[in-house]
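Visitor:
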Amino acid sequence: MRPAADPDAIRTTTDPPPAGTAPGPAPRKRRGALRYFRRRLGFYLFTAWAAVSLNFVLPRFMPGNPADTLLRDLQDQTGQAPTPEQVHTAQTFFGDPTKDLLGQYLDYWKNLAHFDFGVSVTNYPTPVSQLVGQALPWTVLLVGTTTVLAWVLGTALGAYMGWKPGSRFDAIFAPTTTFLHAVPPFWLSLVALWGFSYKLGWFPVGGGYDPKVPFSLNNVWFVLSVLKYGALPACTLVFVGFNGWLFSMRNVMVTTVSEDYVLLARAKGLAAWRVLFKYAARNALLPNITGLAMAIGGILGGTLMTEMVFSYPGLGLLLMKATTGHDFPVMQAVFLMITLAVLVANLIADSVYVLLDPRTRDEG
Amino acid sequence: MLNGILRKWNVRIGLGIFALALLVAFLGPWVAQSLIGWSGHQVDYHAIGRPPGHGHLLGTNTAGNDVLAQTVLGARGSVFVGLVSAVLATVLAAAVGVPSGFVGGRYDRVMTAFTNVFLTLPSFALTLIVAGYVQGAPWLMIALIIAVFEWPGGARYLRSQTLSLRGRDFTVAMRMVGETRLRLVFFEVMPHLTGIISAMFLRAMVAGIFAEAGLAFLGIGSTDTISWGTMIADAHSQSAILNGQWWWFVPPGLCIAVLGMATALVNFGIDEITNPRLSAAGRRLVKKFHAARAAGRRAAGPAAAETAGRST
Chain A
1 MRPAADPDAI RTTTDPPPAG TAPGPAPRKR RGALRYFRRR LGFYLFTAWA AVSLNFVLPR
61 FMPGNPADTL LRDLQDQTGQ APTPEQVHTA QTFFGDPTKD LLGQYLDYWK NLAHFDFGVS
121 VTNYPTPVSQ LVGQALPWTV LLVGTTTVLA WVLGTALGAY MGWKPGSRFD AIFAPTTTFL
181 HAVPPFWLSL VALWGFSYKL GWFPVGGGYD PKVPFSLNNV WFVLSVLKYG ALPACTLVFV
241 GFNGWLFSMR NVMVTTVSED YVLLARAKGL AAWRVLFKYA ARNALLPNIT GLAMAIGGIL
301 GGTLMTEMVF SYPGLGLLLM KATTGHDFPV MQAVFLMITL AVLVANLIAD SVYVLLDPRT
361 RDEG
Chain B
1001 MLNGILRKWN VRIGLGIFAL ALLVAFLGPW VAQSLIGWSG HQVDYHAIGR PPGHGHLLGT
1061 NTAGNDVLAQ TVLGARGSVF VGLVSAVLAT VLAAAVGVPS GFVGGRYDRV MTAFTNVFLT
1121 LPSFALTLIV AGYVQGAPWL MIALIIAVFE WPGGARYLRS QTLSLRGRDF TVAMRMVGET
1181 RLRLVFFEVM PHLTGIISAM FLRAMVAGIF AEAGLAFLGI GSTDTISWGT MIADAHSQSA
1241 ILNGQWWWFV PPGLCIAVLG MATALVNFGI DEITNPRLSA AGRRLVKKFH AARAAGRRAA
1301 GPAAAETAGR ST
């Protein structure tokens, strides 16, 4: 029975029933995908422009004068009057009373184009771009690995749960994940830090690497210490993150499983795992992929908070130090970084979506 | 539809938790003073950083404040911020989303683009940067800032719902009759959105509480009130972890988590109504039906029972 069904199965898996629409001529399809992509790109560029402009507008309309605060803080920090150069950068970013708004706006863009975000107040005279550059790899590493892990784990478990709704696995996991999904990530990080690092002593209490090991990527011990120090923050983030994916996947799966084409695949006598992954899960996956794009901002937020708890040397810690020290230049740079990262992630998710769902290629 | 939702056990539990939180938020200081015996600000000089027990049910923090009393007081700080931000965010979402879906055309296109821009910008970062500029703002201000960046998701959803309601027969009929647009929106479309809006409201409230806790943790929340967020932040900044004072930061976090779970419960109930295939009760019924049929077939003959078993 099974060999006879196999060639048929291959055809169906490459062209799943709900996703496969009437195949039009190939060139038209490609043009549709390109147009979709171009439209999204335009939208994200516009959003990026809005974010950058917001960053320009906000300090100028806030009560109090950030430019003055900044210069005063600088003076406190260094013990001498700010140099004309500092005054200039401060006013470029936070408002120059002598210049008109348009001129300020152009100056602001010019500085951004040179990656010049001014100098940090708390770490005077380090340029902000250098601080951000040091912190960024840590955050990218942490967010990247944990998001992928959490997504894969959550989606796989969710697919399994939705495959047999009401099973014992489902009944036990559903309420637990509901609760875990509702927990603030930074609080869970605190509890994890207290439990695993303080009580049990399994993990270091904070930091991103062993300070006794020379800082070099070629050093095996350094890489190992990075893994050791990153393990607990990463585990916490995966633990917080996978619940959301699990739920959305489960709920889509529950409805997909009762579709006719899944029933047909089962009736053909295909192996259960094959029906699960190649028929049901494949189609149930789409919302989880668009969900990834929508969620990346929240994930970043949660990661930054977790970094603060674990004193992990990424953007989160930088941000915490900046907010407590009123370091506006650093805050602005981190804000721009987060926003741009979210936009890029969205764009990537959109392109992946075009590849996965032929329907988007046809429309437009 | 609303009646069906209220009959679900998970919705009831969820709403019960919300009601309790509101009650504690309103009666907080009174509860702390008369039931616990300590107001959150009172200092017990004989018990500094004491673990639970000995007259302090949840222990004390390093300043000698009763943690239970602080948690009760903190409910007000957290829930009020959540409540106000949720009201504002929901009103904004409805004000942007419903007309956009109802009017359509160029207005809709502009508003949708506007909503999408705000939806794509990470609200966490936006809230943070604005709150960072106005550090030490009163709680009302914090609630306002949170609300301003929380509405886009709801607006988009309400827009799509309104769009579908606009085309339904009853709305079209009323338009034929010559009802004014305002009346159509408020008396024909809005009543169908109440379920969605109330669910959205609960979600926004918990999101507001989360955001407040996050801001407080960063040290840019309101400085004038105690909230669950400020408790966790204080515990963190005064190294409660290194001192092993888990009783200081565990209760407020649990409170937030329980409220978060309450929204999830309500949402599940609503999901089960709008998407009956997710319903556990429905599945049980189906199972029972299949079992009964199988039993009936078994009585008729063993071969028939076997085929019935395989098909389920």
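These protein sequence lines map, in sequence, to chains A and B. Okay, so the first sequence: first residue is 1 according to the numbering used here, each after it adds one. Okay, so the second sequence: first residue is 1001 according to the numbering used here, each after it adds one. The C-beta atom is built at its ideal place from N, Cα and C for all residues, glycine as well.
#1: Under the rule that 16 or more other beta-carbon atoms within 10 Å means buried, what is A/H114, buried or exposed?
#2: What separation, rounded to the nearest whole angstrom, lies between the Cα atoms of B/G1260 and A/F179?
#3: Determine, for B/P1122, whether the minimum Cβ-Cβ distance to residues of chain A falls below 8 Å.
#4: In whole angstroms, what separates the C-alpha of B/V1098 from that of B/S1123?
#5: Please say whether B/G1229 and B/A941 have beta carbons closer to each other than 8 Å?
#6: Would you say the region 299–318 of chain A touches the region 201–218 of chain A, given that touching needs at least three Cβ pairs under 8 Å?
#7: Whole angstroms is fine: what's the gap from B/G1077's alpha carbon to B/I1146's?
#8: Can you find a C-beta in chain B that's less than 8 Å from the C-beta of A/V183?
#9: Closest to A/V287 by CA distance: which of A/F277, A/D260 and A/M249 is it?
#10: With a threshold of 7 Å (Cβ to nearest heavy atom), would A/T126 be considered close to the ligand NAD?
#11: Does the beta-carbon of A/P226 have 16 or more other beta-carbons within 10 angstroms, so that it is buried, or is it exposed?
#12: Thinking C-beta only, is A/L237 closer than 8 Å to A/T323?
#13: Taking 8 Å as the cut-off, decide whether the C-beta atoms of A/L276 and A/A135 are in contact.
#14: Let's test the definition: count the other Cβ atoms within 10 Å of the Cβ of B/R960 and tell me whether it reaches 16, buried, or not, exposed.
#15: To be precise: take each residue of the region 1202–1219 of chain B, compare its Cβ to all Cβ atoms of chain A, and keep it if any distance is under 7 Å. Which residues remain?
#16: From B/L1193 to B/S1100, what does the alpha carbon distance come to, in whole angstroms?
#17: Of all Cβ atoms in chain A, is any one closer than 8 Å to the Cβ of B/L1242?
#18: Would you check if the distance between the CB atom of B/A1086 and the CB atom of B/G1208 is smaller than 8 Å?
#19: In whole angstroms, what separates the C-alpha of B/L990 from that of B/P1152?
#20: Using a 10 Å radius around the Cβ and a threshold of 16 neighbouring Cβ atoms, would you call B/E1188 buried or exposed?
#21: Closer than 7 Å by beta-carbon distance: list the chain A residues that pair up with B/I1013, in chain order.
#22: Can you give, in chain order, each stretch of the alpha helix (DSSP H) that sits fully within the region 213–277 of chain A and has at least 4 residues?
#23: Does the region 1235–1255 of chain B come close enough to the region 217–232 of chain A that 3 or more CB-CB pairs lie under 8 Å?
#24: Exposed or buried, A/P125, counting other C-beta atoms within 10 Å across all chains shown (16 or more means buried)?
#25: Rounding to the nearest angstrom, what Cα-Cα distance links A/V354 and A/A33 in this structure?
#26: Using a Cβ-Cβ distance under 8 Å, would A/G154 count as near chain B?
#27: Taking only beta-carbon positions, decide if A/W194 is within less than 8 Å of chain B.
#28: Would you call the CB atoms of B/I1232 and B/Q1070 closer than 8 Å?
#29: Would B/V1067 and B/L1058 qualify as a contact pair, given that the criterion is a beta-carbon distance under 8 Å?
#30: Say whether chain A places a C-beta atom closer than 8 Å to the C-beta of B/H1290.
#31: Rounding to the nearest angstrom, what Cα-Cα distance links B/A1292 and B/A1299 in this structure?
#32: Going along chain B in order, which residues have a C-beta closer than 8 Å to the C-beta of A/L71?
#33: In this structure, does DSSP put A/P23 in helix, strand or coil?
#34: So, using beta-carbon positions, are B/V1011 and B/V1266 closer together than 8 Å?
#35: Is B/K1008 buried or exposed, if buried means 16 or more other CB atoms sit within 10 Å of its CB?
#36: State yes or no: is the C-beta of A/D350 within less than 8 Å of the C-beta of A/R40?
Guide: Working from what's here:
#1: exposed
#2: 8 Å
#3: yes
#4: 22 Å
#5: Coverage of chain B is limited to positions 1001 through 1312, which leaves residue 941 of chain B absent and any answer about it impossible.
#6: yes
#7: 14 Å
#8: yes
#9: A small fix is needed here, since residue 287 of chain A is Pro in this sequence, not Val. Checking every option, the nearest Cα to that of A/P287 belongs to A/M249.
#10: In the structure on display, the ligand NAD does not appear, and there are no ligands present to speak of.
#11: The amino acid occupying residue 226 of chain A in the given sequence is Val; Pro does not appear at that position. Its Cβ being crowded by 16 or more others within 10 Å, A/V226 is buried.
#12: no
#13: no
#14: This structure cannot settle anything about residue 960 of chain B, because the visible part of chain B is limited to 1001 through 1312.
#15: F1210, A1213, G1214, F1217, L1218 and G1219
#16: 14 Å
#17: yes
#18: yes
#19: This structure gives no information on residue 990 of chain B, because the portion of chain B shown stretches from 1001 to 1312.
#20: buried
#21: None at all; the shortest Cβ gap to chain A is about 11 Å.
#22: 220–257 and 260–267
#23: no
#24: exposed
#25: 7 Å
#26: no
#27: yes
#28: no
#29: yes
#30: no
#31: 11 Å
#32: Near A/L71 there are no residues of chain B at all, since even the closest Cβ is about 16 Å away, more than 8 Å.
#33: Only weak support is given to the placement of A/P23: the predicted model assigns it a pLDDT of 44, under 50, and the question is left unresolved by the model.
#34: yes
#35: buried
#36: yes
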